[in-house]
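Trainee:
In our numbering, the protein residues as written are 649 to 741.
1) Using a threshold of 8 Å, state whether the C-beta atoms of residue 703 and residue 691 are closer than that.
2) Quick check on the DSSP output: the alpha helix (DSSP H) that includes residue 727 runs from which residue to which?
3) Taking just the CA atoms, how far does residue 731 sit from residue 696?
4) Please state the DSSP three-state secondary structure of residue 696.
5) The ligand COA and residue 658: does the residue's C-beta get closer than 7 Å to at least one heavy atom of that ligand?
6) How many Å lie between residue 735 and residue 700 at the Cα?
7) How would you write the range of the beta strand (DSSP E) that residue 691 sits in, first residue to last?
8) Have a look at 687, 661 and 682 and flag the residue whose alpha-carbon is nearest the alpha-carbon of residue 725.
9) In terms of alpha-carbon separation, which member of 723, 654, 655 and 668 lies closest to residue 705?
As structure tokens, then:
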């Protein structure tokens, strides 16, 4: 994952990080920065269940496609707060 110009030229390509590293920055590292690592930043028993369900794995997508991955659902505090119209209730895939 890296910043690019409107023409697609990479800024500081040596500073690019993987999608996995970017997600970790927003989740686990964000919780650590806010001194909340014992209740946020990971999906585990006893942690707040705040997460987003994506249609594709961003770690497998090409960098230029990550921002177009569809959000299928959002869970906050263990409650479904957003469900894409593309998802039928009870449908598992």
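Where a beta carbon is used, it is the ideal one built from N, C-alpha and C, also for glycine. Keep in mind it's a predicted model, so treat the numbers as computed, not measured.
Mentor: Let's see:
1) Numbered from 1 along the chain shown, position 55 holds the residue referred to as residue 703. Numbered from 1 along the chain shown, position 43 holds the residue referred to as residue 691. Cβ distance not < 8 Å, so residue 703 and residue 691 don't count as in contact.
2) Walking along the chain shown from the start, residue 727 turns up at place 79. Counting along the chain, residue 727 falls outside any alpha helix (DSSP H), though it belongs to the beta strand (DSSP E) covering 727 to 731.
3) Along the chain shown, read from residue 1 onward, the residue named residue 696 stands at position 48. Along the chain shown, read from residue 1 onward, the residue named residue 731 stands at position 83. About 19 Å.
4) On the chain shown, residue 696 is found 48 positions in, with the first residue counted as 1. In the structure shown, residue 696 adopts coil according to DSSP, grouped into three states.
5) Although the ligand COA was asked about, the structure shown includes no ligands whatsoever.
6) Position 87 of the chain shown, counted from the start, is the residue given in the question as residue 735. Position 52 of the chain shown, counted from the start, is the residue given in the question as residue 700. Pairing residue 735 with residue 700, the inter-Cα distance amounts to about 14 Å.
7) Walking along the chain shown from the start, residue 691 turns up at place 43. No beta strand (DSSP E) holds residue 691; DSSP gives it neither H nor E.
8) Counting from 1 along the chain shown, the entry for residue 725 is found at position 77. The option with the nearest alpha carbon to residue 725 is 687.
9) Position 57 of the chain shown, counted from the start, is the residue given in the question as residue 705. When each option's Cα is compared against that of residue 705, the closest is 668.
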